[in-house]
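J.:
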Amino acid sequence: MIRGEVAPGWQPVCDAFAKVMSGPGEIGAGLHIIHRGSTVVDLYGGSHGPDTRQVLFSASKGIASVCLAVLTDRGELDVEAPVARYWPEFGRCGKSGITVAQLLSHQAGLIAPKQGATLAEVLEGRPLADVLAAESPRWPLRPAGRPGYHAVTWGTLADELVRRITGGRLGDVLDELVCRPQDLAISIGGGQAGRPPVPVHAAARIPFTVRMATAVFARAGTPLWEAMTVGGALTEPPDVWMSRPETLAAHLPAANGLATASALARLYALLLAGALVSEGTWRTAVRLRTAGRDRVLGLPAAYGCGFALPSPAWRLGSPTAFGHPGIGGALGLGDPRRELALAFLPRTMPADALSDARHRVLLDAVTSVIGA
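Just so you know, the numbering used here puts 219 at position 73 of the sequence shown, and the rest follows in order with no gaps.
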């Protein structure tokens, strides 16, 4: 069952969405696309509807990055400054020269505490931030260092940075400066308020090759395992852990953002339109900061100040796009050259989060309508 509206000329995207929804195990999904300031696709399938909120997993990083861009635009944050200017304790153990831009672009080498962490520290935030601030980077930092994806701790570090600047949690600042003024159904932290989000379910069937790759590259002790579990603190599968009330209520800007499809697309559209920050600010936020074979993901990746940029690790459908996907299949992006904002929220996780076939189908359909 496909519901919603499609503007003239965008039927290929509707057909692609129907193809996605006909796949095995698909429970529901929402797709919202804004082109040149107008909504051209607003589609829902299965159990999804216009008011359906769901967990975004790492697509939350794009939302948090907008919050940081707003603070930059207000003159409260300088991404070229050392992190230690705002958070003095962070400058210990060889980190005094790490800039905010390097921190936000996954270059700080703080993917997990070297001695591990507890679940309570992850959920509370500040205890984990304190531990990370007291450690040295896992890898040498050079002017153009290779990235190492901070799957969970990126949010911990960004949250503490915002707290040092404003006195508030990142999710609260996001709500005050972005979501409430723009009437966006987006939040980070406090996830049990109002109607609870719909759960995201693991894929029923995972190909043998993906299972084998996971067993090799995500085995205990590897950088991928360290980053994804915060050194063993997270012992449950992502879909289970992220369904727990205490997880949804925590401030985890890297993982537990909640949004509707239309709100997520509108956020990127507002950013491109200059309604949230100046054009100069958002272009600074999405400027390439590092690229290369990611020390955690094992694939070539590229990053701006929190935003994922087009690369083999982050397939965004266009060389000028920016945004962030999530392990649950969520995708939010903006594309300034094509004047496009897109959000896709499925309720079934992909078998391979770094190669979600649904994203390719939908983004190829968009390209067939407006070009590459």
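Even for Gly, the Cβ is constructed at its ideal location relative to N, Cα and C.
Only a predicted model underlies this, so the values are computations on that prediction, with no experimental measurement involved.
Under the DSSP definition of a beta bridge, which residues are partnered with glutamate 151?
T.: Asp188
J.: With C-beta atoms as the reference, is valine 507 less than 8 angstroms away from lysine 260?
T.: Lysine 260 is positioned such that its CB atom lies no closer than 8 angstroms to that of valine 507.
J.: In angstroms, rounded to a whole number, what distance separates the CA positions of glycine 450 and alanine 437?
T.: Alanine 437 has its alpha-carbon roughly 9 angstroms from the corresponding atom of glycine 450.
J.: Who are glutamine 541's beta bridge partners in DSSP?
T.: Because the chain here runs from 147 to 518, residue 541 falls outside it and cannot be looked at.
J.: Which value, in whole angstroms, describes the spacing of the CA atoms of valine 515 and glutamate 151?
T.: Those two C-alpha atoms are separated by around 16 angstroms.
J.: Would you mind working out which of Pro391, Gly191, Pro293 and Leu287 sits nearest arginine 439, comparing C-alpha positions?
T.: Pro293
J.: Determine the direct distance from the alpha carbon of alanine 275 to that of leucine 303, and round the result to whole angstroms.
T.: 6 angstroms
J.: Taking just the CA atoms, how far does alanine 210 sit from threonine 427?
T.: 15 angstroms
J.: For methionine 495, count neighbouring Cβ atoms within 10 angstroms of its own Cβ and tell me buried if that reaches 16, exposed if not.
T.: Buried: at least 16 other Cβ atoms inside 10 Å.
J.: Decide if serine 184 is buried, meaning its Cβ has at least 16 other Cβ atoms within 10 Å, or exposed.
T.: exposed
J.: Per the contact definition of three or more C-beta pairs closer than 8 angstroms, is the stretch 399-413 in contact with the stretch 316-336?
T.: Counting C-beta pairs with one atom in each stretch, the stretch 316-336 and the stretch 399-413 have three or more that are closer than 8 angstroms, which means they touch.
J.: Tell me the DSSP bridge mates of aspartate 481?
T.: Leu486
J.: Taking the alpha-carbon of serine 424 as reference, which of Val216, Ser457, Ala230 and Ser389 has the nearest alpha-carbon?
T.: Val216
J.: Check whether the Cβ atoms of alanine 489 and histidine 178 lie closer than 8 angstroms to each other.
T.: Less than 8 angstroms divides the Cβ of alanine 489 from the Cβ of histidine 178.
J.: Just verifying my parser: in three-state terms, what is the DSSP assignment at isoleucine 311?
T.: It is helical.
J.: Around the Cβ of threonine 299, are there at least 16 other Cβ atoms within 10 angstroms (buried) or fewer (exposed)?
T.: Here threonine 299 is buried. Its C-beta has 16 or more other C-beta atoms within 10 Å.
J.: Counting contacts by CB-CB distance shorter than 8 angstroms, is tyrosine 232 in contact with chain C?
T.: Absent from the structure: chain C. Only one protein chain is present.
J.: Considering only C-alpha positions, which residue in the set Glu372, Gln328 and Gly463 is nearest to glycine 420?
T.: Gln328
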